[in-house]
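For the sequence shown, this note's numbering assigns the number 8 to the initial residue and increments by one for each residue that follows. Where a beta carbon is used, it is the ideal one built from N, C-alpha and C, also for glycine. What follows is a set of notes on a single structure, which appears directly below.
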Amino acid sequence: MAYSYEVKFYNDISNNFLDELFKYVSEVSLYDKHLFEHEFFLRITQFFPFMKELTIVNRKRQNDNQDLSIIEYSYLTKLNLHQVHDDYVEQLLVDMNMCLSNDLYLSVDYQSLDTVTNSFIRNTIRINCAKLSFLC
8 MAYSYEVKFY
18 NDISNNFLDE
28 LFKYVSEVSL
38 YDKHLFEHEF
48 FLRITQFFPF
58 MKELTIVNRK
68 RQNDNQDLSI
78 IEYSYLTKLN
88 LHQVHDDYVE
98 QLLVDMNMCL
108 SNDLYLSVDY
118 QSLDTVTNSF
128 IRNTIRINCA
138 KLSFLC
């Protein structure tokens with residue numbers, strides 16, 4: 008697999024983006040009118056290994072995601088989830104789905120966060136939420 012040119016940003020990636028390694032891209036935005044499934048987020052980690060900022064825009068409900076492998080975003084420092092269905096907030100915060108880096112800046116709609124966390128008492132989000140350094 009060849010490395011792509013040294014682009015720093017990749018915007019509006021949809022489900023049908025090309026499988027190419029983007030080792031220099033640090034900011035990624037995902038947008039599609041179709042839902043994003045767990046496998047799509049796995050592909051994003053493989054092809055954007057040093058991504059620091061992720062923005063997701065997708066209001067489509069996901070299919071039932073059970074027994075999924077854990078996705079790790081080792082370098083992620085900023086996560087923007089303002090225009091997403093609650094399913095994406097859940098997928099990215101539940102520690103059995105996602106392993107986020109420490110000192111994460113999370114920008115999310117308060118109502119979505121309150122719903123997904125069950126008014127901030129849900130145990131399965133504690134590990135990832137403890138990694139937050141800023142919540143907006």
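DSSP state of residue i, grouped into three classes?
{"i": "LEU37", "result": "strand"}
{"i": "CYS136", "result": "helix"}
{"i": "MET8", "result": "Residue confidence is low: MET8 scores 48 on pLDDT, short of 50, so the model does not pin down where it sits. Its coordinate-derived value is still stated next. Residue state, collapsed to three classes: coil."}
{"i": "ASP121", "result": "helix"}
Can you tell me the Cα-Cα spacing of residue i and residue j, whole angstroms?
{"i": "TYR17", "j": "GLN90", "result": "18 Å"}
{"i": "ASP102", "j": "GLU13", "result": "32 Å"}
{"i": "LEU113", "j": "ASP26", "result": "27 Å"}
{"i": "MET8", "j": "ARG50", "result": "Any reading at MET8 must be qualified, since the residue scores a pLDDT of 48, below 50, and its modelled position is unreliable; the value itself is stated next. Computed Cα separation, rounded: 14 Å."}
{"i": "LYS15", "j": "GLU34", "result": "7 Å"}
{"i": "HIS45", "j": "GLN98", "result": "8 Å"}
{"i": "LEU88", "j": "ILE128", "result": "20 Å"}
{"i": "PHE57", "j": "LYS30", "result": "6 Å"}
Quick check: residue i and residue j, are their CB atoms within less than 8 Å of each other?
{"i": "LEU75", "j": "ASN104", "result": "yes"}
{"i": "LYS59", "j": "LYS85", "result": "yes"}
{"i": "ILE20", "j": "LEU37", "result": "yes"}
{"i": "PHE55", "j": "VAL32", "result": "yes"}
Return the residue from the list the options that minimises the CA-CA distance to residue i.
{"i": "TYR95", "options": "VAL115, LEU83 and TYR31", "result": "VAL115"}
{"i": "PHE141", "options": "VAL64, PHE47, ASN65 and LEU111", "result": "LEU111"}
{"i": "VAL64", "options": "LEU107, PHE127 and ASN22", "result": "ASN22"}
{"i": "LEU83", "options": "LEU100, LEU107, THR124 and GLN69", "result": "LEU107"}
For residue i, report the span of its beta strand (DSSP E) as first-last.
{"i": "LEU111", "result": "111–115"}
Using a Cβ cut-off of 8 Å (strictly closer), state whether residue i contacts chain D.
{"i": "GLN98", "result": "No chain D is present in this structure, which holds just one protein chain."}
Kindly indicate the opening and closing residues of the alpha helix (DSSP H) around residue i.
{"i": "GLU46", "result": "45–54"}
{"i": "GLN98", "result": "93–100"}
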